[in-house]
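What follows is a short report on a single structure.
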Amino acid sequence: MKVKQIAYDVNYPYSDGIRRFVYELCNGLSQYCETELITSKKNQAFLPFLLRLKRKKLEGIIHSHLPNIPFVKFLSSASFHTVHGYPKLGKLAFLEIKKFEQIIVPSLNMKNLLIEYGIESTVIPYGISTYKTQYSVKDKTENILSLLYLGHFYKGKGVEVLLDAIKDLYDIKLTIAWSGRGNINRVLKKIKTLKIKDRVKVVGIQRDTRAFMLKHDAIVIPADSWFSTTALPFTAIEAFSASVPVICSEMREWQEILPYCSTFEKGNSDDLKELLFNMNQKKLALLSRKSKAAHEKFNIRRVVAEHLELYRS
């Protein structure tokens, strides 16, 4: 069996998480079948990439990870397509998606959205390999809770909600690792306005996100709109692979991850504030065990096996 995975991995619309997932999926599949990753060249525009694909003679199982826009018609030979995010061009995009034999989605919420357009799909969640180092609750000489937000600064990511929540919690230190997109000036202004510069550290893109997560007590995913991310927040899946505790807004669209997180009402900084105020080492240890259990569901080995089963069916 020959499998070709096709992905456009330059800037929008793919997050670093989705990019990492596609690469890990290919590596995992290569242990069982002949696998090739066809991806865009550095800084290559989308249309030239599609034209190059059209000229290429593709054989075997073709699996597309391209954006959900009408340009997928260039891949008429593809059999499988993964919908990574909600299409923003309406019915025209969905008509093109229907051309594929098999549609894969990472969450039940995405499956239900496609059903509204008469499109059936198979749910296979994102996956990642187990990280080499696992989380352990830190022995502390001072009662300081170290939190990490890692991601973009788009509206809907909930960064402002997190900042409001920690304003009066003086025993919390927050690191914000900006992934490079969104309005950083808005966030910096908010930090200055709240007078919390001494407790909030803003850093840039991290090469090894999981190693960086392990330097903190927990990660926080405060999104107040699921449109601000992909079908599932890959940051949580990365954290699960290292048993890092996850604090997450209660997004009903993310039902696959919520049982493994400590949750608060989305957009409610007071609810998050109360959760953080009551957080302690015992609760962190429990959350770490939940993360480890979650990784069984999001382990790349399991995800690869599910893809292989679908290819062979």
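Here this note's numbering = 1-based position in the sequence shown + 15.
A virtual CB, placed ideally from N, CA and C, is assigned to each residue, including glycine.
Is it true that the CB of residue j sits closer than 8 Å to the CB of residue i?
| i | j | result |
| --- | --- | --- |
| Ser136 | Val120 | yes |
| Ile236 | Met228 | no |
| Glu265 | Lys288 | no |
| Val98 | Leu129 | yes |
| Tyr275 | Val261 | yes |
| Glu271 | Leu302 | no |
| Leu163 | His231 | yes |
| Asn314 | Thr50 | no |
| Gly171 | Ser240 | yes |
| Ile187 | Arg222 | no |
Roughly how far, in whole angstroms, is the beta-carbon of residue i from the beta-carbon of residue j, given that I think they are within contact range, below 8 Å?
| i | j | result |
| --- | --- | --- |
| Leu291 | Leu160 | 7 Å |
| Asn124 | Glu268 | 4 Å |
| Gln20 | Leu68 | Between Leu68 and Gln20 the Cβ distance is about 12 Å, and since that is not below 8 Å, they are no contact. |
| Ser284 | Ala180 | 4 Å |
| Gln117 | Leu325 | 6 Å |
| Ala309 | Phe255 | 4 Å |
| Leu81 | Tyr23 | 6 Å |
Taking the continuous alpha helix (DSSP H) assigned at residue i, which residues delimit it?
| i | result |
| --- | --- |
| Cys41 | 31 to 44 |
| Val176 | 174 to 181 |
| Val226 | First, the amino acid is wrong: residue 226 is Ala here, not Val. Taken as a continuous stretch (DSSP letters only), the alpha helix (DSSP H) holding Ala226 covers 224 to 228. |
| Thr250 | 249 to 256 |
| Val202 | 199 to 209 |
| Ile134 | Counting along the chain, Ile134 falls outside any alpha helix (DSSP H), and DSSP gives it neither H nor E. |
| Lys126 | 123 to 130 |
| Lys216 | No alpha helix (DSSP H) holds Lys216; the beta strand (DSSP E) holding it covers 215 to 218. |
How many angstroms separate the CA atom of residue i from the CA atom of residue j?
| i | j | result |
| --- | --- | --- |
| Cys263 | Leu177 | 11 Å |
| Pro85 | Ile77 | Note that Pro85 scores 49 on pLDDT, short of 50, meaning its location in the model is unreliable and no value can be drawn from it. |
| Tyr141 | Lys216 | 30 Å |
| Gln46 | Arg316 | 11 Å |
| Arg327 | Lys147 | 32 Å |
| Val18 | Gly75 | 6 Å |
| Ala226 | Ala257 | 9 Å |
| Gly133 | Leu73 | 28 Å |
| Asp154 | Ser306 | 20 Å |
| Leu110 | Ser55 | 25 Å |
| Asp286 | Asn158 | 21 Å |
| Met294 | Ile206 | 23 Å |
| Gly70 | Leu189 | Note that residue 70 corresponds to Arg in the displayed sequence, not to Gly. Taking the straight line joining both Cα atoms gives about 50 Å. |
| Lys204 | Lys113 | 45 Å |
| Ala60 | Arg304 | 43 Å |
Only counting the same chain, and skipping five residues up and downstream in sequence, which positions put a Cβ closer than 7 Å to that of residue i?
| i | result |
| --- | --- |
| Phe115 | Ala93, Ser94, Phe95, His96 |
| Thr224 | Leu165, Glu253 |
| Lys182 | Leu209, Ile211 |
| Arg199 | Per the sequence shown, residue 199 should be read as Ile rather than Arg. Result list for Ile199: Phe168, Trp193, in chain order. |
Considering only residues of the same chain and omitting the five flanking positions on each side of residue i, which have a CB-CB separation below 6 Å?
| i | result |
| --- | --- |
| Val202 | Phe168, Val174 |
| Lys312 | none |
| Val152 | Gln296, Leu299, Ala300 |
| Thr278 | Cys263, Glu265 |
| Asp31 | none |
| Lys126 | Val120, Ser136, Val138 |
| Leu48 | Checking the sequence shown, residue 48 turns out to be Cys, not Leu. Correct list, in chain order: Met16, Val18. |
What span of residues does the beta strand (DSSP E) with residue i cover, start to end?
| i | result |
| --- | --- |
| Gln296 | Gln296 -> not in any beta strand (DSSP E); alpha helix (DSSP H) instead, spanning 296 to 312. |
| Val318 | Here Val318 belongs to no beta strand (DSSP E); instead the alpha helix (DSSP H) covers 315 to 327. |
| Leu163 | 160 to 168 |
| Leu52 | 49 to 54 |
| Ala22 | 17 to 22 |
| Val152 | No beta strand (DSSP E) contains Val152, which DSSP labels as neither H nor E. |
| Ser79 | 76 to 79 |
| Ser240 | Segment: none, Ser240 is in no beta strand (DSSP E) and carries neither H nor E. |
Between which residues of its own chain and residue i is the CB-CB distance below 8 Å, once the five residues before and five after are set aside?
| i | result |
| --- | --- |
| Val318 | Leu40, Gly43, Ile139, Pro140, Tyr141, Gly142 |
| Gly195 | His167, Gly219, Ile220 |
| Leu323 | Leu44, Tyr47, Cys48 |
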